[in-house]
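Here the structure is laid out as C-alpha cells; the discussion comes afterwards.
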Amino acid sequence: MSGDSGTYALVKIAAKDVEIRYRGKVALKPATFDIRSSTIHSIIGPAGSGKTSFLRSLNLMSLELDGAAIKGSIKVDDDEILTIRGAEKMAKLRRRIGIVFATPQPLPRSIYENIAFGPRIAGTRKKADLDALVEESLRSAHMWDEVKDRLDLMGTSLSGGQQQRLCLARTLALKPDIVLLDEPCSALDPISTYKIEQSMQELKGNITFVLVTNNTKQAARVADRTAFFLMGELVEDGPTAKIFTRPNDQRTGDYIEGRFG
Ligand SMILES: Nc1ncnc2c1ncn2[C@@H]1O[C@H](COP(=O)(O)OP(=O)(O)O)[C@@H](O)[C@H]1O
Ligand SMILES: [Mg+2]
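Okay, so the sequence shown: first residue is 218 according to our numbering, each after it adds one.
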C-alpha cells in the first residue's frame, strides 16, 4: 500500500460541490474532494454509486455523450473545465486527460496504428518520431516485448489483457497529464492486471491517475488516496491506508469488509 503523498502535494483536480444528474435524476449528490498531482487516486463503491458518472465528468464525456447535467466546479490545474464547450476545446481537453474503459476498445487497425493514430492527428508526422513514440508507449504499458516483432498485426487480434494494455499505451502516446481508468482490469487475467498496476506506479511521477475499481484489493495495492462512493454519495475520501484501516464512516468499513456491494 502506498503512503500518503504528504500535505504539500499539489492539487491536480479540485472537485467542488459536483452534482451530476440525468434527466433530473441525481446520480451524484454534491461531492467535494481534491485529487493530488502525481498520485493514484482510486474511487471505490458498489455498482450504481456514481463512480463512472464522476470519472466521465472529469473529461466532460458525461456532459457531451451521456446527457448528464453537472453542477458545481471541477478545476484542473486551477482552470475550470465545466464551462468548456465546442468540439475543438473538448478534443484538446481529452488529449490532456486520457481515459481507459472497462472493455478494451482498440481501433480496427494494426498495433502500430492504434498508437500512432492519435499523435499523428495531433501533429506528429515524422516516421522516426512516431516509431519512437510507439515503442516508448508500448514499453510504458509493459507490452513492447510481447508485440515488438508483430506491430502490423491487428490490435483486435490480441488477447483481452493485451488489448487493454494497448489501449493504455494508446492513451499514453498522447502524453496526457491525467489518465482516467474505469474498472480497467475487471475482465483481465492476473498478469495483465499486474502489468497495468505496475505501469501506473511507474508513471505516476508524471501522470495523475484516477482509478475507478470494483476491486477493493486493487485500490489497497496501488492507490495513494481513495474515495468511497455509495449510492450517489461521496461518503469519504482520504489516504488509502486510513480508508482501509480507520475509516470515519461505518458504511466504508462495511463495504471494505464485504458486508455489502
Ligand atoms: N447515461 C445515463 N443516463 C441515465 N442514467 C444514467 C446514465 N449513466 C448512469 N446513469 C445512472 O446514474 C447512476 C450512477 O451510475 P454510474 O455512474 O454508472 O455508477 P457506477 O459507475 O458507480 O456503477 C445510476 O443510477 C445509473 O443508472
Ligand atoms: Mg461504473
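Built from N, CA and C at the ideal position, the CB exists for glycine as well.
In or out: serine 259 buried (at least 16 other Cβ within 10 Å) or exposed? buried
Leucine 282 burial status per 10 Å Cβ neighbour count (16 or more: buried): exposed
Residue closest to isoleucine 314, alpha-carbon to alpha-carbon, out of Asn465, Ser409, Asp369 and Met278: Met278
Can you find the residues in the same chain that come closer than 8 angstroms, C-beta to C-beta, to glycine 284, ignoring five residues on each side of it along the sequence? Tyr239 and Arg240
Taking aspartate 294 as the reference, give the member of Gly303, Ser255 and Asn331 with the closest Cα. Ser255
With three or more beta-carbon pairs closer than 8 angstroms as the criterion, would you say the segment 335-346 touches the segment 364-376? no
beta-carbon alanine 264 near ligand 1 non-hydrogen atom, thresh 8 angstroms: yes
For phenylalanine 461, which option in Gln435, Ala358 and Lys233 has the closest C-alpha, if you only look at C-alpha atoms? Gln435
To which residues of the same chain is leucine 451 closer than 7 angstroms at the C-beta, ignoring the five residues directly before and after it? Ala248, Phe250 and Ala444
Contained beta strand (DSSP E) runs [length at least 3] in the segment 284-330, N- to C-terminal order: 285-293 and 314-317
By DSSP, does aspartate 454 sit in helix, in strand, or in coil? strand
Please report how far the alpha carbon of serine 357 lies from the alpha carbon of glycine 455, in whole angstroms. 28 angstroms
Quickly, what does DSSP pair aspartate 251 with across the bridge? List them, please. Ala231
Sorted by chain position, which residues of the same chain lie with C-beta nearer than 7 angstroms to isoleucine 301's C-beta, five sequence neighbours on each side aside? Leu277, Met307 and Leu310
Roughly how far, in whole angstroms, is the beta-carbon of phenylalanine 426 from the beta-carbon of leucine 398, given that I think they are within contact range, below 8 angstroms? 7 angstroms
What are the start and end residues of the beta strand (DSSP E) that includes phenylalanine 426? 425-429
Short CB-CB distance (under 9 angstroms) between alanine 232 and chain C: Protein chains in the displayed structure number just one, and chain C is not present.
Compute every distance between the C-beta of valine 293 and the non-hydrogen atoms of ligand 2, then say whether any falls below 8 angstroms. no
Quick check on threonine 433: buried or exposed, where buried means 16 or more other Cβ atoms within 10 Å of its Cβ? buried
Is glycine 220 buried or exposed, if buried means 16 or more other CB atoms sit within 10 Å of its CB? Bear in mind that a pLDDT of 46 at glycine 220, under 50, signals an unreliable position, so the number given afterwards is only what the model happens to contain. Under this definition glycine 220 is an exposed residue.
Please find out if some non-hydrogen atom of ligand 1 comes closer than 8 angstroms to the beta-carbon of valine 317. no
Arginine 442, DSSP secondary structure in three states: strand
With a 10 Å radius around its C-beta and 16 neighbouring C-beta atoms as the bar for buried, classify methionine 218 as buried or exposed. Because methionine 218 carries a pLDDT of 43, less than 50, the predicted location of this residue cannot be relied on, and the following value inherits that uncertainty. When all chains shown are included, methionine 218 counts as exposed.
Which word fits alanine 262, buried or exposed, when buried means at least 16 other C-beta atoms lie within 10 angstroms of its C-beta? In the sequence under discussion, the amino acid at residue 262 is glycine, which differs from the alanine named in the question. Glycine 262 should be labelled buried.
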